[in-house]
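Residue numbers (the working numbering): 532 to 662.
Heads up, the beta-carbon is just placed ideally off N, CA and C, and yes, glycines get one too.
Worksheet: one structure, shown below.
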């Protein structure tokens with residue numbers, strides 16, 4: 532009997548990865564924000580390899596920073612709301628690009644989480660979908 536080495540890991544076989552962290556939302560000061568759940572910006576913090584990884588995206592930039600696991604997030608963002616999530620994200624998901632949709636903070640978080648629902652446009656809708 533000839534043994535053959537497999538190049539696939541268990542994660543590849545299952546085709547899903549456990550992701551847990553927080554969606555951080557901050558209030559908006561715009562007059563129309565009250566119609567959208569009063570959340571103006573969202574970012575993502577995930578736990579990975581004993582560290583916190585913070586993803587902050589906007590139309591003009593994409594910021595990724597690493598923090599130690601004992602970081603006090605509430606003191607860094609005193610006016611923010613933290614929404615805990617724990618989901619199984621599918622690996623190798625093909626997200627169809629939309630015809631007319633800007634790259635916003637919500638689109639960046641959706642891309643990281645593997646969410647393919649084009650109608651999610653605001654941080655409030657995103658939180659309802661993930662929770």
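Once the 5 residues before and after residue 532 are set aside, which same chain residues still bring their CB inside 6 Å of it?
For residue 532, the pLDDT reaches just 48, beneath the cut-off of 50, and the residue's location in the model is therefore unreliable, although a value from the coordinates is still provided. Once the five neighbours on either side are set aside, residue 532 has no close Cβ partner at all.
Who are the near neighbours of residue 633 in its chain, counting only those whose CB is closer than 8 Å to its CB and skipping five residues on each side?
590
Considering only the alpha carbon of each residue, which of 555, 647, 546 lies closest to residue 588?
555
Give me the DSSP bridge partner(s) of residue 558.
570
Going by beta-carbon coordinates alone, are residue 586 and residue 575 separated by less than 8 Å?
yes
Terminal residues of the continuous alpha helix (DSSP H) containing residue 652?
According to the DSSP assignment, residue 652 belongs to no alpha helix (DSSP H), since it is labelled neither H nor E.
If you drop the 5 nearest sequence neighbours on each side, which residues of the same chain put their C-beta closer than 6 Å to that of residue 572?
557, 636
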